[in-house]
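Structure first, then comments.
Chains as they are written, first to last, in the numbering used here: chain A, 1 to 322; chain B, 323 to 644.
Below, the structure written as structure tokens:
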């Protein structure tokens with residue numbers, strides 16, 4: 001058997017795995033390593049730093065990679081998309097706001113559009129505007145997201161796709177960090193998985209070593225969803241999106257006291273940003289999902305991907321032989 | 323192939339499926355129907371109404387069934403456990419508080435103890451006190467629960483069991499409503515699934531027809547987790563546990579305004595309870611999980627179970643042949 005799916009066929013990749021375009025952490029080295037190992041690697045376009053993106057595309061070398069954007073942020077600096085499209089990326093991934101008009105611009109260049117959604121209602125919109133791939137992201141994911149869980153969101157969107165647009169592909173995101181998770185999301189009806197936290201915990205990811213250590217020491221119970229780190233960073237995320245991070249003294253102090261935090265924003269913003277730069281994980285938050293409890297080593301991304309695929313094949317084959 | 327697992331072997335059942343002991347909804351007719359169809363059926367002991375439990379065990383007829391309890395509530399009327407143990411139930415299921423001293427009392431009668439947990443920390447405790455089965459319940463479940471998602475909680479607890487007590491069985495709960503979900507949780511390392519919402523949406527469940535209709539009309543985006551219905555019902559749930567229900571005008575009005583609700587408790591309690599009795603789903607809440615979006619008909623429980631098993635087998639076999 002193999003794990004070939006419609007995703008591997010459509011993108012000409014070996015394994016049905018996409019690395020999530022995590023802001024700051026997913027640079028060209030990570031995207032390139034995932035691509036070299038047979039997945040689809042994505043650079044995290046984040047909040048739109050053109051010089052950083054240039055560096056990261058360079059770091060991916062000759063390996064074809066794609067790029068992801070935070071859609072509401074891209075609306076503030078749409079010229080970043082033009083610069084990325086000029087590089088003929090393998091795909092462009094949009095999440096966190098209506099995908100238009102960007103999706104149309106991307107498709108006009110014959111570049112595949114991947115739309116990540118957090119609700120069934122947004123999935124319907126992504127299908128209607130012609131997304132090539134819909135990614136159903138569950139709340140267990142690290143970083144920004146919403147409230148639905150991967151376990152129910154994936155099959156519900158699979159049914160929607162089957163009835164409305166059977167050629168649209170579907171990937172699962174949120175909580176998938178090993179072969180068990182990859183096998184599970186294929187059973188749920190996905191054509192592949194978008195994996196974030198597990199690749200965040202790779203040697204190629206651009207992550208402070210203290211944050212890696214904090215994630216390795218954590219179990220999955222130790223994360224929370226909150227907006228306080230966005231308030232502290234003065235990033236205007238739409239309120240429906242919160243970020244999953246490791247709980248620390250900062251979230252313990254401010255979560256549920258968002259108005260007080262806004263009143264102290266100047267002081268707290270400076271403190272949080274200094275702590276982020278220094279890797280002070282008790283003040284700045286470590287952006288990782290519930291899958292932290294499934295991650296026990298920082299390893300090369302290619303080895304991680306190889307193992308996930310082997311484990312998934314073994315899980316499916318083991319079960320089918322009983 | 324078959325879906326035989328350690329769970330089917332240990333309990334002498336045909337399918338690796340347990341029906342959740344949902345308070346009020348899971349009576350003897352449902353538990354008996356699930357048992358007759360080859361699963362393990364559980365009566366919902368709920369908040370400890372001895373006369374109701376007598377009726378429900380009678381309604382199960384000759385079919386062996388088990389019984390579940392809300393552990394913190396059982397602590398207030400522990401004599402209910404004695405009455406249930408005297409019936410030699412197939413298993414006793416404990417959730418929502420430390421399982422002792424009840425687990426020891428149950429095991430002393432050689433009756434299997436099933437401990438449902440919502441965190442890795444509680445799973446460690448359940449393993450340590452000798453639970454026969456640990457149920458990892460994700461937040462997508464209907465009714466009471468916590469914040470972890472099924473997709474990560476199951477494999478993390480599977481690893482804990484493997485390292486600490488390999489003979490302990492593991493089931494997944496939360497978001498499993500069809501064969502895709504059952505196949506997925508087997509891939510995640512579970513020996514079986516505890517299914518709630520899908521059996522709640524059966525002909526045998528004790529549910530007001532208006533609530534069934536509301537769930538059929540809902541998609542998975544339409545649920546929320548809150549404590550407001552417990553405040554309105556004057557049931558003293560520990561604050562860590564919230565209940566997933568369909569959003570309605572009651573939750574829209576009071577969620578986030580819990581202190582105001584307490585100040586209006588007399589009036590709101592009477593209103594909510596009247597609405598519950600009358601099936602007014604805009605005031606009383608419909609207790610169903612995110613899986614509402616996967617449920618499209620109210621059917622006999624036995625047919626539901628048969629289809630789930632056939633779908634799961636097909637999902638695994640289809641994938642293994644590629």
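The beta-carbon is built from N, C-alpha and C at its ideal position, and this holds for glycine as well. Treat the numbers as computed from the prediction; the structure is a model and nothing was measured.
For residue i, three-class secondary structure by DSSP
| i | result |
| --- | --- |
| residue 212 of chain A | helix |
| residue 565 of chain B | strand |
| residue 557 of chain B | coil |
| residue 277 of chain A | helix |
| residue 29 of chain A | helix |
| residue 437 of chain B | strand |
| residue 110 of chain A | coil |
| residue 189 of chain A | coil |
| residue 471 of chain B | coil |
| residue 44 of chain A | strand |
| residue 519 of chain B | helix |
| residue 581 of chain B | helix |
| residue 624 of chain B | helix |
| residue 524 of chain B | strand |
| residue 631 of chain B | helix |
| residue 407 of chain B | helix |
| residue 425 of chain B | helix |
| residue 333 of chain A | With chain A covering only 1 through 322, there is no way to say anything about residue 333 of chain A. |
| residue 609 of chain B | coil |
| residue 80 of chain A | helix |
| residue 37 of chain A | coil |
| residue 177 of chain A | coil |
| residue 529 of chain B | coil |
| residue 371 of chain B | coil |
| residue 131 of chain A | coil |
| residue 167 of chain A | coil |
Expected contact under 8 Å - CB spacing of residue i and residue j to nearest Å
| i | j | result |
| --- | --- | --- |
| residue 198 of chain A | residue 291 of chain A | 6 Å |
| residue 416 of chain B | residue 437 of chain B | 5 Å |
| residue 42 of chain A | residue 18 of chain A | 6 Å |
| residue 183 of chain A | residue 316 of chain A | 5 Å |
| residue 12 of chain A | residue 59 of chain A | Contact flag wrong, Cβ pair sits at about 22 Å. |
| residue 218 of chain A | residue 246 of chain A | 6 Å |
| residue 472 of chain B | residue 496 of chain B | 4 Å |
| residue 129 of chain A | residue 89 of chain A | Not quite, the Cβ-Cβ distance comes to about 19 Å (not below 8 Å), so this is no contact. |
| residue 181 of chain A | residue 442 of chain B | The pair is not a contact, with the Cβ atoms about 16 Å apart (cut-off 8 Å). |
| residue 626 of chain B | residue 524 of chain B | 6 Å |
| residue 651 of chain B | residue 507 of chain B | Past the boundaries of the shown model lies residue 651 of chain B; chain B is included only from 323 to 644, so the question cannot be answered. |
Chain C within 8 Å of residue i, Cβ atoms only
| i | result |
| --- | --- |
| residue 187 of chain A | In the structure shown, chain C cannot be found, because the protein chains are A and B. |
Residue i - partner residues in DSSP beta bridges
| i | result |
| --- | --- |
| residue 63 of chain A | Residue 63 of chain A pairs with nothing; no bridge assigned. |
| residue 316 of chain A | Paired residue(s): none; residue 316 of chain A is not in a bridge. |
| residue 391 of chain B | B:416 |
| residue 458 of chain B | B:439 and B:494 |
| residue 223 of chain A | A:246 |
| residue 19 of chain A | A:195 |
| residue 144 of chain A | A:243 |
Contact set between residue i and chain B, taken where Cβ atoms lie within less than 7 Å
| i | result |
| --- | --- |
| residue 221 of chain A | 441, 442, 443 and 470 |
| residue 320 of chain A | 323, 638, 639 and 642 |
| residue 293 of chain A | 442, 474 and 478 |
Legend entry - Contacting positions in the region 277-290 of chain A - beta carbon closer than 7 Å to chain B: 290
Inset, instruction - May I ask you to list, following chain order, the residues of the region 129-155 of chain A that have a beta carbon less than 7 Å from some beta carbon of chain B? - result: 138, 139, 140, 148, 149, 150, 151, 152, 153 and 155
Inset, instruction - Could you please tell me which residues of the region 490-510 of chain B, in chain order, have their CB closer than 8 Å to any CB of chain A? - result: 496, 497, 498, 499, 500, 502, 503, 505, 506, 507, 508, 509 and 510
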